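Counting from 1356, one number per residue, gives the positions in the sequence shown under my numbering. Where a beta carbon is used, it is the ideal one built from N, C-alpha and C, also for glycine. These figures come from a predicted structure and were not determined experimentally. Everything on this sheet refers to the single structure shown next.
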Amino acid sequence: MKSYRCVNIRSGTSKLVKQKVPRQCSKMAQKNGSSLARKITEYLTGKEMRDYLMSTHFWAPATTWGVPLAAIADTQKHPKLISGKMTLALVIYSSVAMRFALRVKPKNMLLFACHFTNASAQTVQGIRFIKYHHLDDDLDYILLD
(Lines of atoms letter the chains of each structure in order from A and count residues from 1; the text may use other names and numbers.)
(Lines give C-alpha, C1' and ligand atoms only; values in the text may rest on other atoms or scores of the structure.)
Protein backbone atom coordinates (compact mmCIF):
# COMPACT_ATOMS: atom_id res chain seq x y z
CA MET A 1 0.00 0.00 0.00
CA LYS A 2 1.10 3.52 -0.74
CA SER A 3 1.37 6.18 1.97
CA TYR A 4 -0.03 9.67 1.55
CA ARG A 5 0.59 12.74 3.66
CA CYS A 6 -2.57 14.79 4.14
CA VAL A 7 -2.12 18.37 5.34
CA ASN A 8 -4.87 20.39 6.94
CA ILE A 9 -4.29 23.85 5.46
CA ARG A 10 -6.13 25.69 8.22
CA SER A 11 -4.37 24.16 11.23
CA GLY A 12 -1.15 23.10 9.52
CA THR A 13 -1.36 19.59 10.93
CA SER A 14 -0.56 16.61 8.77
CA LYS A 15 -1.38 12.93 8.87
CA LEU A 16 0.32 9.97 7.29
CA VAL A 17 -2.36 7.76 5.74
CA LYS A 18 -1.74 4.28 4.29
CA GLN A 19 -4.47 3.49 1.81
CA LYS A 20 -4.98 2.65 -1.82
CA VAL A 21 -7.05 5.80 -2.29
CA PRO A 22 -6.33 8.65 0.10
CA ARG A 23 -9.87 8.82 1.54
CA GLN A 24 -8.74 10.71 4.60
CA CYS A 25 -7.28 13.44 2.39
CA SER A 26 -10.50 13.73 0.42
CA LYS A 27 -12.51 13.90 3.66
CA MET A 28 -10.27 16.70 4.92
CA ALA A 29 -10.64 18.54 1.60
CA GLN A 30 -14.43 18.16 1.68
CA LYS A 31 -14.54 19.40 5.24
CA ASN A 32 -12.41 22.49 4.42
CA GLY A 33 -14.27 23.12 1.16
CA SER A 34 -17.71 22.96 2.75
CA SER A 35 -16.46 25.18 5.56
CA LEU A 36 -15.29 27.76 3.02
CA ALA A 37 -18.62 27.63 1.16
CA ARG A 38 -20.46 28.00 4.46
CA LYS A 39 -18.33 31.02 5.43
CA ILE A 40 -18.94 32.70 2.07
CA THR A 41 -22.68 32.07 2.35
CA GLU A 42 -22.74 33.42 5.90
CA TYR A 43 -20.84 36.53 4.81
CA LEU A 44 -23.12 37.22 1.85
CA THR A 45 -26.29 36.73 3.90
CA GLY A 46 -25.01 38.33 7.09
CA LYS A 47 -25.99 41.61 8.70
CA GLU A 48 -22.78 43.34 7.65
CA MET A 49 -23.43 42.68 3.95
CA ARG A 50 -27.10 43.70 4.25
CA ASP A 51 -26.03 46.94 5.93
CA TYR A 52 -23.52 47.58 3.12
CA LEU A 53 -26.09 46.91 0.39
CA MET A 54 -28.50 49.34 2.05
CA SER A 55 -25.94 52.13 2.40
CA THR A 56 -24.88 55.01 0.18
CA HIS A 57 -21.41 53.43 0.03
CA PHE A 58 -22.95 50.89 -2.34
CA TRP A 59 -25.83 52.70 -4.08
CA ALA A 60 -24.01 55.97 -4.89
CA PRO A 61 -21.38 54.26 -7.05
CA ALA A 62 -23.85 51.71 -8.38
CA THR A 63 -26.07 54.44 -9.81
CA THR A 64 -23.12 56.58 -10.91
CA TRP A 65 -21.79 53.81 -13.19
CA GLY A 66 -24.15 55.09 -15.89
CA VAL A 67 -21.89 58.09 -16.59
CA PRO A 68 -18.67 56.15 -17.40
CA LEU A 69 -20.61 53.53 -19.34
CA ALA A 70 -22.15 56.28 -21.48
CA ALA A 71 -18.71 57.84 -21.99
CA ILE A 72 -17.30 54.50 -23.09
CA ALA A 73 -20.21 54.04 -25.51
CA ASP A 74 -19.63 57.57 -26.87
CA THR A 75 -16.10 56.68 -27.94
CA GLN A 76 -17.69 54.95 -30.93
CA LYS A 77 -19.49 58.12 -32.06
CA HIS A 78 -18.13 60.82 -34.35
CA PRO A 79 -15.76 63.31 -32.63
CA LYS A 80 -17.80 66.24 -34.02
CA LEU A 81 -20.47 65.42 -31.41
CA ILE A 82 -18.11 65.81 -28.42
CA SER A 83 -18.55 68.85 -26.18
CA GLY A 84 -15.12 70.06 -25.06
CA LYS A 85 -16.47 72.05 -22.10
CA MET A 86 -18.58 69.17 -20.81
CA THR A 87 -15.71 66.71 -21.23
CA LEU A 88 -13.39 68.96 -19.23
CA ALA A 89 -16.05 69.42 -16.54
CA LEU A 90 -16.52 65.66 -16.21
CA VAL A 91 -12.76 65.03 -15.97
CA ILE A 92 -12.49 67.60 -13.15
CA TYR A 93 -15.62 66.26 -11.42
CA SER A 94 -14.36 62.68 -11.53
CA SER A 95 -10.92 63.72 -10.27
CA VAL A 96 -12.48 65.46 -7.26
CA ALA A 97 -14.80 62.50 -6.64
CA MET A 98 -11.84 60.08 -6.76
CA ARG A 99 -10.07 62.10 -4.07
CA PHE A 100 -13.27 62.15 -2.00
CA ALA A 101 -13.69 58.37 -2.34
CA LEU A 102 -10.23 57.86 -0.87
CA ARG A 103 -10.59 60.45 1.91
CA VAL A 104 -13.97 59.37 3.27
CA LYS A 105 -13.91 56.86 6.14
CA PRO A 106 -14.19 54.00 5.34
CA LYS A 107 -12.64 54.34 1.89
CA ASN A 108 -15.15 53.78 -0.88
CA MET A 109 -13.19 51.83 -3.49
CA LEU A 110 -16.31 51.13 -5.58
CA LEU A 111 -16.86 54.88 -5.97
CA PHE A 112 -13.17 55.35 -6.73
CA ALA A 113 -13.26 52.70 -9.47
CA CYS A 114 -16.36 54.30 -11.00
CA HIS A 115 -14.81 57.77 -11.19
CA PHE A 116 -11.43 56.43 -12.31
CA THR A 117 -13.19 54.74 -15.23
CA ASN A 118 -15.11 57.93 -15.98
CA ALA A 119 -12.00 60.13 -15.86
CA SER A 120 -10.19 57.72 -18.19
CA ALA A 121 -13.07 57.58 -20.68
CA GLN A 122 -13.54 61.37 -20.59
CA THR A 123 -9.80 61.86 -21.16
CA VAL A 124 -10.05 59.69 -24.26
CA GLN A 125 -12.99 61.83 -25.38
CA GLY A 126 -10.98 65.01 -24.71
CA ILE A 127 -8.09 63.72 -26.82
CA ARG A 128 -10.51 62.89 -29.64
CA PHE A 129 -12.03 66.40 -29.34
CA ILE A 130 -8.62 68.13 -29.52
CA LYS A 131 -7.48 65.92 -32.35
CA TYR A 132 -10.63 66.58 -34.41
CA HIS A 133 -10.99 70.33 -33.78
CA HIS A 134 -7.36 71.46 -33.52
CA LEU A 135 -4.91 68.94 -35.00
CA ASP A 136 -6.56 67.24 -37.99
CA ASP A 137 -7.40 70.26 -40.16
CA ASP A 138 -6.35 68.56 -43.38
CA LEU A 139 -8.63 65.54 -42.92
CA ASP A 140 -12.23 65.59 -44.06
CA TYR A 141 -14.75 63.80 -41.87
CA ILE A 142 -18.18 62.77 -43.00
CA LEU A 143 -20.88 62.52 -40.36
CA LEU A 144 -23.10 59.55 -41.11
CA ASP A 145 -26.46 59.34 -39.40
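Check	Outcome
8 Å Cβ shell around arginine 1483 - same chain, five flanking residues per side excluded	Thr1430, Pro1434, Ile1437
First and last residue of the uninterrupted alpha helix (DSSP H) at leucine 1490	Taken as a continuous stretch (DSSP letters only), leucine 1490 belongs to no alpha helix (DSSP H), as it is neither H nor E.
Sequence-distant residues of the same chain with beta carbon closer than 7 Å to methionine 1479, five excluded per side	The sequence given here has valine at residue 1479, not methionine. The answer, listed in chain order, is Thr1430.
Coil, strand or helix - methionine 1464 by DSSP	helix
Methionine 1409 (DSSP reduced to helix, strand or coil)	coil
Alpha helix (DSSP H) segment containing glycine 1401, residue limits	Neither: glycine 1401 is in no alpha helix (DSSP H) and is coded neither H nor E.
Beta-carbon proximity check, threonine 1472 vs proline 1423, cutoff 8 Å	yes
Where threonine 1418 falls, given that 16 or more other Cβ within 10 Å makes a residue buried	exposed
Valine 1451 - containing alpha helix (DSSP H), residue span	1439 to 1458
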